[in-house]
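S.K.:
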Amino acid sequence: MDTIIRNGMIADGTGKPLFTADIGIINDRIVEIGAITGQANHEIDASGKIVSPGFIDPHTHFDAQLLWDGAAKPAIEHGITTIVPGNCSLSLAPLKAEHRMKLVGMFNQIEEMPHKAFSEGVTWDWETFEEYIERIQRDLSINVAPLVGHSLLRLWVMSDAAMSRAATPEEISDMADLLSRCIAAGAVGLSTSFVDMDERLQPVPSRYACTTELDGLCKVLSETGKLLQVVHEFYDTDLTLARIDQLAELSLKFDITTTLSPLFLNADNQEGVQAIMKRVDAQMQRGARVWPQVQTRPIDISFSFAVPSLLFIRLPSWYALMRFSDHDGIKAAFEDPAKRAALVQEASAMMPLWSVLTLRRVNTEKNAHLVGQTLAAIASERDSNPLDVMIDLSIEEDLDAHFLAASMGHNDDLAVADLLKQPNVMIGASDGGAHILSFSTYGDTGYLFSKFVRDCAAMSVELAVQKITSEPAEIWGIAERGQLKPGFIADITIFDAATIARGEEYYVQDVPGEGFRYVRDAQGVSQVLISGAVAYDQTYGYSEARTGKIV
Amino acid sequence: MSAWVSDVRLAAAHEGVAELVVTLTYDNGGESHIPLAPEVSHILMTRCAAASAQDLIGQSWTHIRDALSEAYNSEIR
Chain P
10 MDTIIRNGMI ADGTGKPLFT ADIGIINDRI VEIGAITGQA NHEIDASGKI VSPGFIDPHT
70 HFDAQLLWDG AAKPAIEHGI TTIVPGNCSL SLAPLKAEHR MKLVGMFNQI EEMPHKAFSE
130 GVTWDWETFE EYIERIQRDL SINVAPLVGH SLLRLWVMSD AAMSRAATPE EISDMADLLS
190 RCIAAGAVGL STSFVDMDER LQPVPSRYAC TTELDGLCKV LSETGKLLQV VHEFYDTDLT
250 LARIDQLAEL SLKFDITTTL SPLFLNADNQ EGVQAIMKRV DAQMQRGARV WPQVQTRPID
310 ISFSFAVPSL LFIRLPSWYA LMRFSDHDGI KAAFEDPAKR AALVQEASAM MPLWSVLTLR
370 RVNTEKNAHL VGQTLAAIAS ERDSNPLDVM IDLSIEEDLD AHFLAASMGH NDDLAVADLL
430 KQPNVMIGAS DGGAHILSFS TYGDTGYLFS KFVRDCAAMS VELAVQKITS EPAEIWGIAE
490 RGQLKPGFIA DITIFDAATI ARGEEYYVQD VPGEGFRYVR DAQGVSQVLI SGAVAYDQTY
550 GYSEARTGKI V
Chain A
99 MSAWVSDVRL AAAHEGVAEL VVTLTYDNGG ESHIPLAPEV SHILMTRCAA ASAQDLIGQS
159 WTHIRDALSE AYNSEIR
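Going down the list, the protein sequences come from chains P and A. At position 402 of the first sequence (counting the first as 1) the number is 411 in the numbering used here, and the numbers step up by one without a gap. At position 68 of the second sequence (counting the first as 1) the number is 166 in the numbering used here, and the numbers step up by one without a gap.
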């Protein structure tokens, strides 16, 4: 044996009860599960730990990061062994040189990926999907199941016309051929968007597609057994119901699997989500395959006074100030005693909100130690009140103090737990690698266990493991992964059920172009093996193993 | 058929920003919810001379259509 994992509590991914066993590995495969008597070159003591298949994150935007970081950090340390990039109609290939900046603009607008990360972190040495796959394979630690973006197919075939009109039959045929080539190079499916806008607030190319075009592309998915991912009008129940029906018809007509993301459960749409799941269940019963993706973490909202935020739209004086004054005008109002008093008086009714705001980011040294604290805590330290602290910090930071209103949606834990548990819900929509300047898109798997398995006791650890391993593997057609069984690839996560968590969010400068992002360090994950090699160890960190595959 | 704004509320969008969700009520009693990104909301507030979100209640749906069009047609960069 190359490796034996001893005495772990096995959650094999199928949902069956935990059992204690050893796991033997030769090369990249599991060869034995049970009481193993022999010795191995490498032994891992997993006593008291859960040993599960590696987690699968089905909705990410790591496309660019994979060019400078083949581990998609910090995904692996959160137990994830396979990521699906290329969602929302946006991949990084196939892409002709003349469209590169257009795509960067779309990534910037939709996924908040900084321009500088592309200009300083990316050597544009590919055009075709095959070339992109070859490029990221050079230094890959994590498994990648890439989607090809519909907007990219359109740009390649139609050039600028992709952003203004429906495709001709010849263009649809060319797109279908191109999609076939991408799938042959490793794409697991096609992503499209019905809602996103580019950097000029124009619809992204995929939104100009007519149903004939979607049919032509789904025919290719049908012939190759691949999947269709869709960003739907997630903010509107009626439109979501219509999209579920549309995807169900495509699924039945072409015998394909479809998934739509994201589906949020907010306080004001609980009835809507019930109606959506009722429709999903009905369509699944018809034989259609339509999987809504639901994220585990609640929604956070960030703001500073440098950009007018709608959080103040119910406060006329604040809204007018932010909307119609420039930087100096806002600062002057904050510094003028009479104007400030009027603002404070108007906003004081919302003191409960200001109290729980967290200071996320500052530029000055003197306030750096306050980052991460609530305004209530800072107010206590300064002998002030949270509202005045928010204003004072904004003045001190030249309006570049950033605040976080946490848990503003998707935060009814028990209701979200009920949704996550449903058999026709796929856990996903983390957006890993996107929105890097607003919040952390890493650690949703740790949050699944800490919040819904441990704190709420709303689901078993076996079910939670199943929902992020064998279930997505089956839905996405990822073969020989997602379960612990002899013959399968040894993608394995070892974690402590009592301590696994997503970790605290913090701001770090590790993006090319001296860029920053929000990340979370995993807690409670001991080791992560990818294709039999230890890719991450809680004590030693990331290894030099480069065993990630295109799956 | 005509429609008017019958409710407004804040919602959290997945991009980490606040959005304004406007409820439209139609002549036949039907309702629909339209989320407006910050840029569109600001244009809508200006068009309706609204000082606060509550001032939008009772406004015609045409203002929302026009605000969306204006936002779509404006080059922000």
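Beta carbons: idealized from backbone N, C-alpha and C, even for Gly. Computed from a predicted model, the values in this text were never measured in an experiment.
Name, please, each residue of chain P whose Cβ falls closer than 8 Å to the Cβ of Arg107 (chain A).
M.R.: By Cβ distance, chain P contributes Asp277.
S.K.: Alpha carbon to alpha carbon, how far is Asp207 (chain P) from Arg175 (chain A)? Give it in angstroms, no decimals.
M.R.: Interpretation of Arg175 (chain A) is limited by its pLDDT of 34, a score under 50 that renders its predicted location unreliable; no figure is taken from the coordinates.
S.K.: Note down the Cα distance separating Leu149 (chain P) from Asp186 (chain P), rounded to an integer number of angstroms.
M.R.: Each residue's alpha carbon lies about 28 Å from the other.
S.K.: Suppose you measure from the CA of Ile445 (chain P) to the CA of Met122 (chain P); what does that come to, to the nearest Å?
M.R.: The straight-line gap from Cα to Cα measures roughly 7 Å.
S.K.: If contact means a Cβ-Cβ distance below 7 Å, which residues of the stretch 384–417 of chain P contact chain A?
M.R.: The residues in question are Met417.
S.K.: Could you pull out every unbroken alpha helix (DSSP H) segment of at least 4 residues lying fully inside the stretch 107–159 of chain A, listed in chain order?
M.R.: With a minimum length of 4 residues, the continuous alpha helix (DSSP H) runs that stay inside the stretch 107–159 of chain A are 136–145.
S.K.: If we ignore side chains and look at the alpha-carbon of each, how far apart do Leu538 (chain P) and Thr454 (chain P) end up?
M.R.: About 16 Å.
S.K.: For my contact list, Lys410 (chain P) and Pro395 (chain P) are in at a C-beta cut-off of 8 Å; report their separation, rounded to the angstrom.
M.R.: The sequence given here has Ala at residue 410 (chain P), not Lys. About 13 Å; that fails the 8 Å criterion.
S.K.: Quick one: any contact between the stretch 410–428 of chain P and the stretch 494–503 of chain P, if contact means 3 or more CB pairs under 8 Å?
M.R.: The stretch 410–428 of chain P is not in contact with the stretch 494–503 of chain P.
S.K.: So, does the stretch 450–465 of chain P touch the stretch 508–519 of chain P, judging by three or more C-beta pairs under 8 Å?
M.R.: Touching, yes.
S.K.: Cβ closer than 7 Å: which chain A residues qualify as neighbours of Thr525 (chain P)?
M.R.: The residue you asked about is not Thr; residue 525 (chain P) is Phe in the sequence shown. Ordered by position in chain A, no residue passes the 7 Å Cβ test against Phe525 (chain P), which lies about 15 Å from the chain.
S.K.: Can you confirm whether Val103 (chain A), when its beta carbon is compared against all beta carbons of chain P, has any partner nearer than 8 Å?
M.R.: Output row for Val103 (chain A): interface = no.
S.K.: I want to see whether chain P comes within less than 8 Å of Ser167 (chain A), judged by CB atoms only; does it?
M.R.: It does not; no Cβ of chain P falls within 8 Å.
S.K.: Which residues in chain P sit within 7 Å of Gly114 (chain A), going by Cβ to Cβ distance?
M.R.: Under the 7 Å cutoff, chain P gives Asp309, Ile310, Ser311, His444, Ser447 and Phe448.
S.K.: If the cut is a Cβ gap below 9 Å, which residues of chain A does Tyr244 (chain P) touch?
M.R.: Those are Ala109, Ala111, Glu117, Val119, His131, Ile132 and Pro133, listed as they occur along chain A.
S.K.: Indicate the three-state DSSP secondary structure (helix, strand or coil) for Glu173 (chain A) in the structure shown.
M.R.: Low per-residue confidence applies at Glu173 (chain A): pLDDT is 46, beneath 50, and the placement is therefore not dependable, though the value from the model is reported in the following sentence. Coil.
S.K.: May I have the straight-line CA-CA distance separating Ala257 (chain P) from Gly296 (chain P), to the nearest angstrom?
M.R.: Ala257 (chain P) and Gly296 (chain P): Cα-Cα distance of roughly 9 Å.
S.K.: Per the DSSP calculation, His51 (chain P) is bridged to which residue(s)?
M.R.: For His51 (chain P), which the question treats as bridged, DSSP gives the partners P:Thr12.
S.K.: Is the Cβ of Ala315 (chain P) closer than 8 Å to any Cβ of chain A?
M.R.: Taking Cβ atoms only, chain A never reaches closer than 8 Å to Ala315 (chain P), which makes this a no.
S.K.: With a CB to CB cut of under 6 Å and the five nearest residues on each side skipped, what residues in its chain are close to Gly130 (chain P)?
M.R.: So the qualifying residues of the chain are Trp77 and Pro521.
S.K.: Just to check my reading of the structure: Val40 (chain P) and Gly47 (chain P) have Cβ atoms closer than 8 Å, yes? What is that Cβ distance to the nearest angstrom?
M.R.: In fact, because the Cβ distance is near 11 Å, the residues do not count as touching under 8 Å.
S.K.: Within a Cβ cutoff of 8 Å, which residues of the same chain sit near Pro94 (chain P), ignoring the five residues on either side of it in sequence?
M.R.: So the list reads Thr69, His70, Phe71, Asp72, Leu75, Ser100, Val153, Pro155, Leu156 and Gly442, once near-sequence residues are dropped.
S.K.: Could you tell me which chain P residues have their CB closer than 8 Å to the CB of Gln152 (chain A), listed as they occur along the chain?
M.R.: The contacting residues are Arg323.
S.K.: Going by C-alpha distance, which of P:Thr29, P:Ile13 and P:Ile14 is nearest Ala20 (chain P)?
M.R.: Among P:Thr29, P:Ile13 and P:Ile14, the Cα nearest to that of Ala20 (chain P) is on P:Thr29.
S.K.: Using the Cβ count rule (16 or more neighbours within 10 Å means buried), how would you classify Lys375 (chain P)?
M.R.: By the neighbour-count rule (16 or more Cβ atoms within 10 Å), Lys375 (chain P) is not buried but exposed.
S.K.: Is it a yes or a no for the stretch 400–414 of chain P touching the stretch 429–442 of chain P, going by three-plus beta-carbon pairs under 8 Å?
M.R.: In short, these stretches do not touch, since the Cβ pair count stays below three.
S.K.: Assuming Glu553 (chain P) is part of the beta strand (DSSP E), what are its boundary residues?
M.R.: Careful: Glu553 (chain P) lies outside any beta strand (DSSP E) and carries neither H nor E.
S.K.: Using DSSP with H/G/I as helix, E/B as strand and the rest coil, what is Phe273 (chain P)?
M.R.: Three-state DSSP puts Phe273 (chain P) in coil, outside helix and strand.
S.K.: Using beta carbons (cut-off 8 Å, strictly below), is Ile174 (chain A) in contact with chain P?
M.R.: Legend: pLDDT at Ile174 (chain A) = 39, less than 50; position of this residue unreliable, no value from coordinates given.
S.K.: Is the Cβ-Cβ distance between Glu222 (chain P) and Ala176 (chain P) less than 8 Å?
M.R.: Taking 8 Å as the Cβ cut-off, Glu222 (chain P) and Ala176 (chain P) qualify as a contacting pair.
S.K.: Below 7 Å CB to CB, which residues in the same chain sit around Ala438 (chain P) once its five sequence neighbours on both sides are set aside?
M.R.: Cβ within range, chain order: His68, Ser270, Pro271, Gln302, Val303 and Gln304.
S.K.: Examine the Cβ distances between the stretch 112–129 of chain A and the stretch 234–242 of chain P and report whether three or more of them are shorter than 8 Å.
M.R.: Touching, no, given that fewer than three Cβ pairs across the two stretches are closer than 8 Å.
S.K.: Pull up the CB-CB distance for Ser364 (chain P) and Ser447 (chain P), whole angstroms please, since I reckon it's below 8 Å.
M.R.: Not quite, the Cβ-Cβ distance comes to about 22 Å (not below 8 Å), so this is no contact.
S.K.: Take every Cβ of the stretch 287–295 of chain P, pair it with every Cβ of the stretch 311–327 of chain P, and state whether three or more of those distances are shorter than 8 Å.
M.R.: In short, these stretches do not touch, since the Cβ pair count stays below three.
S.K.: Which residue's Cα is closest to the Cα of Leu366 (chain P): P:Asp397, P:Lys340 and P:His336?
M.R.: The residue with the shortest Cα to Cα distance from Leu366 (chain P) is P:Asp397.
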